[in-house]
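Working notes, beginning with the structure itself.
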Amino acid sequence: MWIEVIHLTPLDLRLIRTDSIQKGILLPKPPPVSGVGLVDALESSFARALRLFYPLAGRLASEERGDGTVTVSLRCTGEGAEFVHAAAPGVAAADIVSSIYTPSVVRDELHSFDPALGADAAVEALPLVSVQVTELADGVFVGMTLNHSVADGAAFWHFVNTWAEIHRRGVGASGDNPRELSTPAPVLQRWSVEAWPVPIPLPFGKLGDIARPVERATVRECFLTFSTASVSELTARANGEVAVTAAAAAAISPLQAVLAHLWRASCRARRMPPEQGTSYSVLIDCRGRVEGMPPGYVGNAVAFGKAKGLGWTARLLNNAEASFDEASVRESAGRWVRRPELMFISDLSSAGTALATGSSTWLDVFGNDFGWGRPMTMRSGAGNKTDGKAAVRGAGAGRERVAGAVLGFGRAREAPRRRGVHGRGELAGVRLPMQ
Numbered sequence: 001m002w003i004e005v006i007h008l009t010p011l012d013l014r015l016i017r018t019d020s021i022q023k024g025i026l027l028p029k030p031p032p033v034s035g036v037g038l039v040d041a042l043e044s045s046f047a048r049a050l051r052l053f054y055p056l057a058g059r060l061a062s063e064e065r066g067d068g069t070v071t072v073s074l075r076c077t078g079e080g081a082e083f084v085h086a087a088a089p090g091v092a093a094a095d096i097v098s099s100i101y102t103p104s105v106v107r108d109e110l111h112s113f114d115p116a117l118g119a120d121a122a123v124e125a126l127p128l129v130s131v132q133v134t135e136l137a138d139g140v141f142v143g144m145t146l147n148h149s150v151a152d153g154a155a156f157w158h159f160v161n162t163w164a165e166i167h168r169r170g171v172g173a174s175g176d177n178p179r180e181l182s183t184p185a186p187v188l189q190r191w192s193v194e195a196w197p198v199p200i201p202l203p204f205g206k207l208g209d210i211a212r213p214v215e216r217a218t219v220r221e222c223f224l225t226f227s228t229a230s231v232s233e234l235t236a237r238a239n240g241e242v243a244v245t246a247a248a249a250a251a252i253s254p255l256q257a258v259l260a261h262l263w264r265a266s267c268r269a270r271r272m273p274p275e276q277g278t279s280y281s282v283l284i285d286c287r288g289r290v291e292g293m294p295p296g297y298v299g300n301a302v303a304f305g306k307a308k309g310l311g312w313t314a315r316l317l318n319n320a321e322a323s324f325d326e327a328s329v330r331e332s333a334g335r336w337v338r339r340p341e342l343m344f345i346s347d348l349s350s351a352g353t354a355l356a357t358g359s360s361t362w363l364d365v366f367g368n369d370f371g372w373g374r375p376m377t378m379r380s381g382a383g384n385k386t387d388g389k390a391a392v393r394g395a396g397a398g399r400e401r402v403a404g405a406v407l408g409f410g411r412a413r414e415a416p417r418r419r420g421v422h423g424r425g426e427l428a429g430v431r432l433p434m435q
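Residue 402 in the UniProt record's numbering sits at position 402 of the sequence shown, and the numbers go up by one each step.
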């Protein structure tokens, strides 16, 4: 039987040693329904969404080439994704919403997978996607894990947006026909450059050499909320202070102003000496900017921009983003093909002297209404956490920005406490389109 094979790009492969993406949304308690139960209906709509994003129901596969290199590809086998139903009657929505820190129950118990490295999925033939639907005392938490070597945060939320719309529209909404949905259809064709080898070889004799054990950082994640007024004040101050020396440059954006504020505050909190070098890495979405990565592109489509030095922080971030263009992305990817370097999440910290920010305020987190109300909040799992890594997202009505920042508070991570979470899991099938 013919199986479609997707060859991963440099933007995918460099993340094969990073944790899976783990995000979850807290939904209000749904009203009682007759007929098909909530969990069965969610599993059905989840499987229908997978029909549109069918590569995510496949598996990573490797080939040892016998010359000291190995290749990793995505095989669209249709083996399915994991769907877990759990119950935590001792956990209330307020336990999650009211805490400035991500509670241990969210981090340790409301996602069905440990945040495995991307390569682990190929070694152990693991599903690329796992969903855990947990019924709380007064709400529902939907936690999802996605292998980061096959897709990024934009593709993650694109899938959740599609799933939510299919479920909200009911039985008649089919994943077989994307034109029935208002959510844009996914673009599954992978970006590539003719000069690259296909597949791209990695400098390892066997796949097990890639999936080495990782010691995770013991940090706590807190969420900082910036009101519209606060963001406006920071933006005005940043533009006012740089206007004297950079009148002709592009204006500082609200997000750049907030991140600059976070950068300076973290340097003070770390008690860094004035002469200490520091850097800030920001992830820039290539969709719509690089040919072959249109909006809706499913894969990894982010480039790294880095600001460093001792100048005004907002201007440094602004310059880093302004220096981004298609030529620089192609040049960086081509350089990676010639000399692959796999990234660990801890690389972003640089021993406590650096910051990094991922995610985006443009991602539609709070639009994920499954039919009984918008999410109350979003919280992350244990994956991709290190000292100095921040994530940003848009907020609900009345708030301009929310930044989830992991800043290493110097406190040991508390031991997990079981909160009576129990459940069952199974693979949600997907029917591959006829070729």
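For each residue, glycine too, the CB sits at the ideal point set by N, CA and C.
If you count every other CB in all the chains shown that lies within 10 Å of the CB of residue i, and 16 or more means buried, which is it?
i, result
"Met1", "exposed"
"Asp12", "buried"
"Glu275", "exposed"
"Gln189", "exposed"
"Val198", "exposed"
"Asp209", "exposed"
"Asp40", "exposed"
"Val406", "Confidence is the limiting factor: at Val406 the pLDDT is only 37, short of 50, which leaves the residue's position unreliable, though a coordinate-based value still follows. Val406 is buried by the Cβ-count criterion."
"Arg14", "buried"
"Glu43", "buried"
"Pro31", "exposed"
"Arg393", "buried"
"Trp191", "buried"
"Ser62", "buried"
"Gly66", "exposed"
"Ile6", "buried"
"Ala265", "exposed"
"Pro89", "exposed"
What three-state label does DSSP hand residue i in the structure shown?
i, result
"Gly388", "coil"
"Glu321", "helix"
"Cys286", "coil"
"Asp108", "helix"
"Glu414", "Model confidence at Glu414 stands at a pLDDT of 41, short of 50, so the residue's coordinates are unreliable and nothing is read from them."
"Asp19", "strand"
"Ile25", "strand"
"Arg315", "helix"
"Ser62", "strand"
"Ser253", "coil"
"Ala155", "helix"
"Glu221", "strand"
"Phe366", "coil"
"Ala382", "coil"
"Ala88", "strand"
"Gly170", "coil"
"His148", "coil"
"Ser230", "helix"
"residue 444", "Any property of residue 444 remains undetermined from this structure, which presents the chain solely from 1 to 435."
"Ile96", "helix"
Pull up the CB-CB distance for residue i and residue j, whole angstroms please, since I reckon it's below 8 Å.
i, j, result
"Thr162", "Ala47", "That pair is no contact at about 12 Å."
"Leu117", "Thr18", "7 Å"
"Gly358", "Ala320", "In fact, because the Cβ distance is near 14 Å, the residues do not count as touching under 8 Å."
"Lys29", "Phe156", "25 Å between Cβ atoms; not a contact."
"Ala307", "Ile284", "Not quite, the Cβ-Cβ distance comes to about 12 Å (not below 8 Å), so this is no contact."
"Thr102", "Glu221", "4 Å"
"Leu317", "Val282", "7 Å"
"Leu355", "Gly305", "Not confirmed; about 13 Å, so no contact."
"Val129", "Ala81", "4 Å"
Taking the alpha-carbon positions, what's the residue i to residue j distance?
i, j, result
"Leu74", "Leu259", "35 Å"
"Pro184", "Val91", "35 Å"
"Lys206", "Phe83", "30 Å"
"Gln132", "Ile3", "28 Å"
"Pro294", "Ile25", "27 Å"
"Ser112", "Val150", "19 Å"
"Ala301", "Ala93", "34 Å"
"Asn145", "His158", "Note that residue 145 is Thr in the sequence shown here, rather than Asn. Straight-line Cα distance between these residues: approximately 14 Å."
"Arg379", "Val97", "9 Å"
"Arg413", "Val365", "Annotation note: pLDDT 42 at Arg413 (below 50); position unreliable, no value reported."
"Phe324", "Lys385", "26 Å"
"Tyr54", "Pro186", "10 Å"
"Ala121", "Pro340", "20 Å"
"Ala248", "Glu241", "For Ala248, the pLDDT reaches just 44, beneath the cut-off of 50, and the residue's location in the model is therefore unreliable, although a value from the coordinates is still provided. C-alpha separation (whole angstroms): 13 Å."
"Ser253", "Ser227", "15 Å"
"Ser20", "Glu180", "31 Å"
"Gly139", "Tyr280", "37 Å"
"Val142", "Leu136", "11 Å"
"Thr361", "Glu233", "18 Å"
"Glu326", "Leu38", "45 Å"
"Glu400", "Val231", "Low per-residue confidence applies at Glu400: pLDDT is 39, beneath 50, and the placement is therefore not dependable enough to give any value."
Say whether the segment 151 to 171 touches the segment 370 to 378, bearing in mind that this needs 3 or more beta-carbon pairs closer than 8 Å, one atom from each stretch.
-> yes
Between the segment 59 to 76 and the segment 93 to 108, do at least 3 Cβ pairs fall closer than 8 Å?
-> no
Would you call the segment 220 to 238 and the segment 253 to 269 touching, i.e. three or more CB-CB distances under 8 Å?
-> yes
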